[in-house]
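So the structure is just underneath, and the comments pick up after that.
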Amino acid sequence: MIEKGITGLFEDFLNKESLFQEKKVLQSSYTPSAIVHRDNEIKQLANILAPALRVDRPSNVFLYGKTGTGKTLTARYTTAKILQVAEQRNIPITILYLNCKLNKIADTEYRLIAQLSRDLGKEIPATGLPTEEIYKVFYTILESKKQIVIIILDEIDQLVKKAGDGIIYNLTRVNSELKNSQISIIGISNDLLFTDHIDPRVKSSLSEEEIIFPPYNAIQLQDILHKRSKLAFKESVIGEGVIEKCSAYAAREHGDARRALELLRVAGELAERAGKEKIELTDIDEAEEKIERDRVLDIVKTQPKQQQAALLAIVYIAAKRIGAIFTGDVYALYAEICEKIALRPLTQRRLSDIISELDMLGIINAKVISKGRFGRTRDITLAIPLTVLPKIRSVLEQSLDL
DNA sequence: CGAGATTCATGTGAAGTATACCTTTAGGCTTAA
DNA sequence: AAGCCTAAAGGTATACTTCACATGAATCTCGTA
Numbered sequence: 012m013i014e015k016g017i018t019g020l021f022e023d024f025l026n027k028e029s030l031f032q033e034k035k036v037l038q039s040s041y042t043p044s045a046i047v048h049r050d051n052e053i054k055q056l057a058n059i060l061a062p063a064l065r066v067d068r069p070s071n072v073f074l075y076g077k078t079g080t081g082k083t084l085t086a087r088y089t090t091a092k093i094l095q096v097a098e099q100r101n102i103p104i105t106i107l108y109l110n111c112k113l114n115k116i117a118d119t120e121y122r123l124i125a126q127l128s129r130d131l132g133k134e135i136p137a138t139g140l141p142t143e144e145i146y147k148v149f150y151t152i153l154e155s156k157k158q159i160v161i162i163i164l165d166e167i168d169q170l171v172k173k174a175g176d177g178i179i180y181n182l183t184r185v186n187s188e189l190k191n192s193q194i195s196i197i198g199i200s201n202d203l204l205f206t207d208h209i210d211p212r213v214k215s216s217l218s219e220e221e222i223i224f225p226p227y228n229a230i231q232l233q234d235i236l237h238k239r240s241k242l243a244f245k246e247s248v249i250g251e252g253v254i255e256k257c258s259a260y261a262a263r264e265h266g267d268a269r270r271a272l273e274l275l276r277v278a279g280e281l282a283e284r285a286g287k288e289k290i291e292l293t294d295i296d297e298a299e300e301k302i303e304r305d306r307v308l309d310i311v312k313t314q315p316k317q318q319q320a321a322l323l324a325i326v327y328i329a330a331k332r333i334g335a336i337f338t339g340d341v342y343a344l345y346a347e348i349c350e351k352i353a354l355r356p357l358t359q360r361r362l363s364d365i366i367s368e369l370d371m372l373g374i375i376n377a378k379v380i381s382k383g384r385f386g387r388t389r390d391i392t393l394a395i396p397l398t399v400l401p402k403i404r405s406v407l408e409q410s411l412d413l
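Position 245 of the first sequence, counting from 1, maps to 256 under the working numbering, and the rest follow consecutively.
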């Protein structure tokens, strides 16, 4: 009976006309063949990188701008073009792209260099080797032939926040050790204040050149959405005002084009699943909620057990009473939870760090406050929409066997 | 009444510890001449 | 004798603990008006 139902479901699915023509156009990994409204930035970046074609080292560049303003896209697009030209003329240029934010890939000096070496085609164990040794390996690969290596470090602020600015300093100094090759760095950051917190020497060497990406305004966003949706969807599946609403949402979030595209894609998926023939305005609202829910759930699910237990403690407390939550309360409940599920409880010192980590992930807000006579602590609030809370709770409980 | 001193609860930094994993090396075993 | 496998030794990064000190405003204290 059930089996029949599922088979039927699949058949229905196949028979149903999809709203999409080419869904990947709306995915964030997609690089369009032409980028709109970023001509200036692309030109600037191209000018800065052009010396690479003469096998001179280009200046290090720093790209600033809020999320979804096309920084990554511009960097990837421009470097891809350079690479294309370089290949035709046989110019030795290598481009490395590394997103520092993706969990655990590059959040320490060791892991960063190891990952870069891996990208250059050399297997490096995850641990066990001296960092010095990894640098040597890295040097050797670079020196194996004369070349210009352009390293794109996306979300570099995350890296520096976690591992300090020494890494960048070392990286910029690598050039003086190299004879054949030269590297130059493209740093990408959404945090405009980021450079205020780093060593001035690092700052000056990293941002020999700077390009600032202004947010897209609503009209530009609409333009982008129109162009992409034409490729992505079949004709006339987009309802009245849908694009306008998407771009309005995104413009509210400081002109985040990535978000606008995601919104449109998810809205499309939802409409399709519901068997509609058109995307309607209500689908967008639903999509917005779903995106946020998925983002949070994804983070929560992939956290280590300890972090999950800590978060669960916070969730419990938040559900029980309104108002501020303090570190001490969290620790007490966290310890209880640990006991219940036979998890070795960590010290309060460590929990304090975990709370900071959760804060960095954007699941909670934790601000250090002083309560005067009553000591100082963190004022913790959940940064999760209330509608998702029960779901989070059950996910956590399930994952912790509670 | 107001300027310091005090106090609390925890933040935060530094140093030490446990664990997991890596490479190297030496010894023991197997194999083939 | 050469080749291969294994286990031990020596070393590292990372996550965590331990220890010690730093914080900062509400509250207390006490001299002064």
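The beta carbon of each residue, even a glycine, is placed where N, CA and C say it ideally should be.
Original post:
Exposed or buried, Thr-358, counting other C-beta atoms within 10 Å across all chains shown (16 or more means buried)?
Top reply: On the first sequence, position 347 is the one that residue 358 refers to. When all chains shown are included, Thr-358 counts as exposed.
Original post:
Is Val-399 helix, strand or coil by DSSP?
Top reply: Your numbering for residue 399 matches position 388 in the first sequence. In the structure shown, Val-399 sits in a helix (DSSP, three-state: H, G or I).
Subject >> Rounded distance between the beta-carbons of Ile-59 and Ile-53, thought under 8 Å >> reply: Taking the first residue of the first sequence as position 1, residue 53 is located at position 42. Taking the first residue of the first sequence as position 1, residue 59 is located at position 48. Ile-53 to Ile-59, Cβ: 11 Å. No contact.
Subject >> Leu-281 versus Asp-294: straight-line alpha-carbon distance, rounded >> reply: Counting from one through the first sequence, the residue named residue 281 turns up at place 270. Counting from one through the first sequence, the residue named residue 294 turns up at place 283. Taking the straight line joining both Cα atoms gives about 7 Å.
**OP:** Can you tell me the Cβ-Cβ gap for Ala-321 and Leu-369, rounded? I've got them flagged as a contact below 8 Å.
**Re:** Within the first sequence, the letter at position 310 stands for residue 321. Within the first sequence, the letter at position 358 stands for residue 369. Yes, Ala-321 and Leu-369 are in contact; Cβ-Cβ is about 7 Å, under 8 Å.
Original post:
Is the Cβ-Cβ distance between Ile-163 and Ala-243 less than 9 Å?
Top reply: As a first step, residue 163 must be located in the first sequence, where it is residue number 152. As a first step, residue 243 must be located in the first sequence, where it is residue number 232. Not a contact, by the Cβ cut-off of 9 Å.
**OP:** Count the other CB atoms, across all protein chains shown, that sit within 10 Å of the CB of Thr-42; report buried if there are 16 or more and exposed otherwise.
**Re:** The count along the first sequence starts at 1 and reaches residue 42 at position 31. Label assigned to Thr-42: exposed.
Original post:
So the alpha helix (DSSP H) Lys-238 belongs to, where does it begin and stop?
Top reply: For the purposes of this step, residue 238 is taken as residue 227 along the first sequence, with counting starting at 1. Segment 229-243, the alpha helix (DSSP H) holding Lys-238.
Original post:
Considering only the beta carbon of each residue, do Ala-329 and Leu-400 sit closer than 9 Å?
Top reply: Numbered from its first residue, the first sequence carries residue 329 at position 318. Numbered from its first residue, the first sequence carries residue 400 at position 389. Yes, the Cβ-Cβ distance between Ala-329 and Leu-400 is below 9 Å.
Subject >> Start and end residues, beta strand (DSSP E) containing Asp-176 >> reply: Within the first sequence, numbered from 1, the residue matching residue 176 stands at position 165. No beta strand (DSSP E) holds Asp-176; DSSP gives it neither H nor E.
**OP:** Could you say which of Lys-351, Gly-286 and Arg-355 lies nearest to Asn-26 if we only look at CA atoms?
**Re:** As a position in the first sequence, residue 26 is number 15, starting the count at 1. Closest by alpha carbon: Gly-286.
Subject >> 9 Å Cβ cutoff met for Arg-391 and Thr-338 >> reply: Taking the first residue of the first sequence as position 1, residue 391 is located at position 380. Taking the first residue of the first sequence as position 1, residue 338 is located at position 327. The sequence given here places Ile at residue 391; Arg does not occur at that position. Yes, the pair counts as a contact, with Cβ atoms nearer than the cut-off.
**OP:** Taking the CB atoms as reference points, tell me whether Leu-189 and Ile-178 lie closer together than 9 Å.
**Re:** On the first sequence, position 178 is the one that residue 189 refers to. On the first sequence, position 167 is the one that residue 178 refers to. Taking 9 Å as the Cβ cut-off, Leu-189 and Ile-178 do not qualify as a contacting pair.
Original post:
Do the CB positions of Lys-256 and Leu-292 come within less than 9 Å of each other?
Top reply: Position 245 of the first sequence, counting from 1, holds the residue named residue 256. Position 281 of the first sequence, counting from 1, holds the residue named residue 292. Yes; because the gap between Cβ atoms is below 9 Å, this pair is in contact.
**OP:** Please work out which residues of its chain come closer than 6 Å, Cβ to Cβ, to Leu-393, disregarding the five sequence neighbours upstream and downstream, and give them in chain order.
**Re:** Along the first sequence, one-based indexing puts residue 393 at 382. These residues qualify, in order along the chain: Ala-329 and Ile-375.
**OP:** State the start and end residues of the unbroken alpha helix (DSSP H) segment that holds Arg-87.
**Re:** On the first sequence, position 76 is the one that residue 87 refers to. Element bounds for Arg-87: 82-100.
**OP:** Only counting runs of 4 or more residues, tell me where the alpha helix (DSSP H) segments fall wholly within the segment 134-204, in order along the chain.
**Re:** 142-154, 167-174 and 177-188
Original post:
Under the rule that 16 or more other beta-carbon atoms within 10 Å means buried, what is Thr-398, buried or exposed?
Top reply: As a working note, residue 398 is residue 387 in the first sequence. Thr-398 should be labelled exposed.
Original post:
Where does Tyr-108 sit, in a helix, a strand or coil, going by DSSP?
Top reply: Along the first sequence, one-based indexing puts residue 108 at 97. It is a strand residue.
Original post:
Taking all protein chains shown into account, do 16 or more other C-beta atoms lie within 10 angstroms of the C-beta of Val-311, making it buried, or fewer, making it exposed?
Top reply: On the first sequence, residue 311 is found 300 positions in, with the first residue counted as 1. By the 10 Å Cβ count, Val-311 comes out buried.
Original post:
Taking buried to mean at least 16 other C-beta atoms within 10 Å of its own C-beta, is Ala-61 buried or exposed?
Top reply: Translated into positions along the first sequence, residue 61 becomes position 50. Ala-61 should be labelled exposed.
Original post:
In angstroms, rounded to a whole number, what distance separates the CA positions of Glu-166 and Met-371?
Top reply: The residue labelled residue 166 in the question sits at position 155 within the first sequence. The residue labelled residue 371 in the question sits at position 360 within the first sequence. Glu-166 and Met-371: Cα-Cα distance of roughly 13 Å.
Original post:
Which residue comes first and which comes last in the alpha helix (DSSP H) that contains Lys-214?
Top reply: Your numbering for residue 214 matches position 203 in the first sequence. Here the alpha helix (DSSP H) through Lys-214 covers 211-217.
**OP:** Decide if the segment 120-130 is in contact with the segment 139-154; the criterion is three or more beta carbon pairs, one per stretch, under 8 Å apart.
**Re:** yes
**OP:** Kindly list the residues whose CB is nearer than 8 Å to the CB of Leu-109, restricted to its own chain and excluding five residues on each side of it in sequence; keep chain order.
**Re:** One-based indexing of the first sequence puts residue 109 at position 98. Excluding sequence neighbours, Leu-109 sits near Ile-116, Ala-117, Leu-123, Gln-126, Leu-127, Asp-130, Ile-162, Ile-163, Leu-164 and Asp-165.
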